[in-house]
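Reviewing the structure listed below.
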Amino acid sequence: MKVVSQTLYLCGRVLRNLSRQPIWIVVMVVQPMFWLLLYSQLFRRITELPGFGTTSYIDYLTPGVAIMTAFFSGSWAGMGMIEDLDRGVLERFLATPASRGAIVFGRILESAIVATLQALLILLTGILLGATNGGAVGWFVILLASFLTAAGFAGLSHGIALRTRQEATMIAVAQFIGLPLLFFSSLLIARALIPSWMQDLSLLNPVEWAVRSARGEALPGTDWGEMGAFLLLLAAFVGVTTSFATWSFRSYQRTL
Amino acid sequence: MDAIVVEGLEKTYGKDTRALDGIRFSVPEGEVFGLLGPNGAGKSTTVRILATLTRADAGRATVAGHDVATEAGAVRRTIGYVPQASGVDREATGAENLLLQGRLQGMRGPDLERRAAELLETFGLTAKADALVKTYSGGMKRRLDVAMGLVHRPQVLFLDEPTTGLDPEARAAMWEELESLAAAERLTILLTTHYLEEADRLARHVAIVSRGKVVVEGSPETLKRELRGDAITVEFDSADSGRAEAVARGIEGVHDVTPDGRRLHLRVDQGAQAVPVILAALDAAGAGVAAVTVSRPSLDDVYLHHTGRDFRADDGDRE
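These protein sequence lines are chains V and L, in that order. Throughout the first sequence, residue numbering follows my numbering, covering 365 to 620 in sequence. Throughout the second sequence, residue numbering follows my numbering, covering -1 to 317 in sequence.
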């Protein structure tokens, strides 16, 4: 199909350009590992509190850091779109018969692939530090949840980028929405230790869906039904934000 | 058959920025056509409508027989668009830019690779094909821009201000490229420019655009010939040229008198013979003449003749 091949070409372009920026690669690889080391030391004894369901904080943390990294990868994705817009690259694409959807999908796919690779590295680091995360199935779910998280937030980010068209506004919005979402979840701390009103609200948070599915297998008494439900919710989130991004793309075209 | 037909396009940005005000012209197949006008005259808006990037509020346009509003997909397959603001990917190499452009146009495999290599050769970019575009000079980047517009062998090529921002040397080189291109490929080219020499040199026909409308249309030669004879510009010591205008109008052999601040533009059959007569008449009327220049008619004069305004002044106050 044309849309698929064009999406892959456009995604390939961004990945290739990214691979030429050594500093970015170092930052993208080192930073998540740094989070993992830092948090696992800082909060090492936190699992002595009840409610974690495991005594290994690294087991608890590895999926969380993978999701956090995917969340950031996705949230900042819109900056690349603004750059293409400013440099006229987008306009050149628009004057070709290329599918309008592919222009957005290619960028979303790029964020998802980058986040999955980062999650893989985090997982390997976690395993070196002693995480088990339930073996192959658990690892696969962590990668899948990271892929979906980055894709979902990338869709949101591109949609906002195409509406604001300004880097400064984009940064402000990403910060304003982003950080609360991270802390309104059980990403760093056991759900049982969160006040119940926050627990209830967090059920509306895609970050929480991602964390809960990614972590499902790591904890004793895995609830496959719940994991599946969260993954489905996450997939629906990707569908909604991707539509938002394509819709924003159309409204951007109308302003030309 | 006409490759481009534009009929009464109108476009208003926001509440009252009238970019196009019923512009109309047509371009026969295989011809280089120049849209000439100062910045803000509506040239780029016209090209952007023809390239399906934006829609007109009213009017109709076809490219290679396809309506730009209702058959956008078919138009996009037949056109190459070289925007004013470049649009090459600076973080990719020249070859990569060409290949991606070709793929988005639906080209594949060896055909695309051959075409890309051929264009890199034509535009003198083979040696830098695998270098990142951000290391290119302005002229090289612009040549890559044009090559990208040609990769899928379009029937119609839009060049929006192809030499704006280039130094004179790179501009001259680009003109040569475009001339041989127009000769070699059977291609209709619509060129917008605010350089009079550029339109004069490259375009078989030009339409002079001012404030969203075509003011006059024809070949550069015809347009210049219609302005009989030579152009004379008289500059006065003071701004008081009002009386001088009346005097000049009374001189035999002077066809056209256009006041322009401290200057007076005249049109005469024979410049060399007319100057002494004009100077004597002005002197007798007591107008203090500071300078006189005689020139063969240029598109500059055509613009002045049809709009009553100086081209450079119009160009300047919009930038």
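For each residue, glycine too, the CB sits at the ideal point set by N, CA and C. None of the values given here were measured: they were computed from a predicted structure.
| said: Counting beta carbon pairs with one atom in the stretch 507 to 514 of chain V and one in the stretch 423 to 442 of chain V, are three or more of them shorter than 8 Å? | reply: yes
| query | Unbroken beta strand (DSSP E) runs of length 3 or more, entirely within the stretch 387 to 421 of chain V: which are they? | reply | none
| query | Just the Cα atoms here: how many angstroms apart are I553 of chain V and T586 of chain V? | reply | As a first step, residue 553 of chain V must be located in the first sequence, where it is residue number 189. As a first step, residue 586 of chain V must be located in the first sequence, where it is residue number 222. Near 18 Å, if we compare the C-alpha coordinates of T586 of chain V and I553 of chain V.
| task | Assess, as a yes-or-no matter, whether the stretch 261 to 272 of chain L is touched by the stretch 225 to 238 of chain L under the definition of 3 or more beta carbon pairs within less than 8 Å. | result | yes
| What separation, rounded to the nearest whole angstrom, lies between the Cα atoms of Q271 of chain L and T44 of chain L? | Within the second sequence, numbered from 1, the residue matching residue 271 of chain L stands at position 273. Within the second sequence, numbered from 1, the residue matching residue 44 of chain L stands at position 46. Their backbone Cα atoms lie some 44 Å apart in a straight line.
| task | Flag this pair as yes or no: are the beta carbons of S577 of chain V and S549 of chain V separated by less than 8 Å? | result | Locating residue 577 of chain V in the first sequence gives position 213, where the first residue counts as 1. Locating residue 549 of chain V in the first sequence gives position 185, where the first residue counts as 1. No, the Cβ-Cβ distance between S577 of chain V and S549 of chain V is not below 8 Å.
| request: Using the Cα positions of W173 of chain L and I486 of chain V, report the straight-line distance between them to the nearest angstrom. | output: The residue labelled residue 173 of chain L in the question sits at position 175 within the second sequence. The residue labelled residue 486 of chain V in the question sits at position 122 within the first sequence. Cα to Cα, the separation comes out at about 55 Å.
| Inter-residue spacing [alpha-carbon to alpha-carbon] between A532 of chain V and R226 of chain L | Sequence index remark: in the first sequence, residue 532 of chain V carries index 168 (1-based). Sequence index remark: in the second sequence, residue 226 of chain L carries index 228 (1-based). For A532 of chain V and R226 of chain L, the distance between alpha carbons rounds to 57 Å.
| request: Could you give the DSSP three-state label for F548 of chain V: helix, strand or coil? | output: Taking the first sequence and counting its residues from 1, one reaches residue 548 of chain V at position 184. Here F548 of chain V sits in coil by DSSP.
| query | Based on the DSSP secondary-structure assignment, which residues constitute the bridge partners of P26 of chain L? | reply | Indexing the second sequence from 1 puts residue 26 of chain L at position 28. L:D0, per the DSSP bridge assignment.
| Should the stretch 79 to 97 of chain L be called in touch with the stretch 446 to 455 of chain V, which here means at least 3 C-beta pairs below 8 Å? | Yes: at least three Cβ pairs fall under 8 Å.
| query | What number of angstroms, rounded off, separates the C-alpha of A538 of chain V from the C-alpha of L117 of chain L? | reply | As a position in the first sequence, residue 538 of chain V is number 174, starting the count at 1. As a position in the second sequence, residue 117 of chain L is number 119, starting the count at 1. Cα to Cα, A538 of chain V sits roughly 43 Å from L117 of chain L.
| message | Along the stretch 97 to 110 of chain L, where does the CB come closer than 8 Å to a CB of chain V? Name the residues. | response | L98, Q99, R101, L102, Q103 and G104
| request: Inspect the beta-carbon positions of R106 of chain L and R451 of chain V and report whether they are closer than 8 Å. | output: Translated into the one-based positions of the second sequence, residue 106 of chain L becomes position 108. Translated into the one-based positions of the first sequence, residue 451 of chain V becomes position 87. Taking 8 Å as the cut-off, the beta carbon of R106 of chain L is found no closer than this to the beta carbon of R451 of chain V.
| Quick one: what's D235 of chain L bridged to in DSSP? | By 1-based counting over the second sequence, the position of residue 235 of chain L is 237. Looking at the DSSP assignment, D235 of chain L forms no beta bridge with any residue, so it has no partner.
| query | G92 of chain L to F121 of chain L, Cα distance in whole Å? | reply | Counting from one through the second sequence, the residue named residue 92 of chain L turns up at place 94. Counting from one through the second sequence, the residue named residue 121 of chain L turns up at place 123. Near 11 Å, if we compare the C-alpha coordinates of F121 of chain L and G92 of chain L.
| said: Is N381 of chain V close to chain L? Criterion is C-beta to C-beta, closer than 8 Å. | reply: Position 17 of the first sequence holds residue 381 of chain V. Yes, its Cβ sits closer than 8 Å to a Cβ of chain L.
| field | Pair within 8 Å by beta-carbon distance, V602 of chain V and G519 of chain V | value | Looking up residue 602 of chain V in the first sequence gives position 238. Looking up residue 519 of chain V in the first sequence gives position 155. Note that the C-beta distance between V602 of chain V and G519 of chain V is below 8 Å.
| Which first and last residues belong to the alpha helix (DSSP H) in which E174 of chain L is found? | Start at 1 with the first residue of the second sequence, and residue 174 of chain L comes out as number 176. It spans P166 to A182 - the alpha helix (DSSP H) in which E174 of chain L sits, taken as one unbroken run.
| query | Is the shortest distance between the beta-carbon of T371 of chain V and the beta-carbons of chain A less than 8 Å? | reply | Going by chain labels, chain A is absent from the structure shown, which instead holds the protein chains V and L.
| Can you list the residues of chain L that E581 of chain V reaches, using a CB-CB cut of under 9 Å? | Looking up residue 581 of chain V in the first sequence gives position 217. Per Cβ cutoff of 9 Å: no residues; E581 of chain V is ~39 Å from chain L at best.
| From this set, L:S293, L:L200, L:L176 and L:E250, which residue's C-alpha is nearest A229 of chain L's C-alpha? | Here the question's residue 229 of chain L lines up with position 231 in the second sequence. Here the closest residue by C-alpha is L:S293.
| Looking only at its own chain, which residues have a Cβ that is under 6 Å from the Cβ of L597 of chain V, when we skip the five neighbours before and after it? | Start at 1 with the first residue of the first sequence, and residue 597 of chain V comes out as number 233. Take L597 of chain V, set aside five residues on each side of it, and the residues of its chain with a beta-carbon closer than 6 Å to its own are W573, in chain order.
| said: Looking at the secondary structure, which residues open and close the beta strand (DSSP E) in which I249 of chain L lies? | reply: Here residue 249 of chain L refers to the residue found at position 251 of the second sequence. Note, I249 of chain L: premise wrong, no beta strand (DSSP E); not H, not E.
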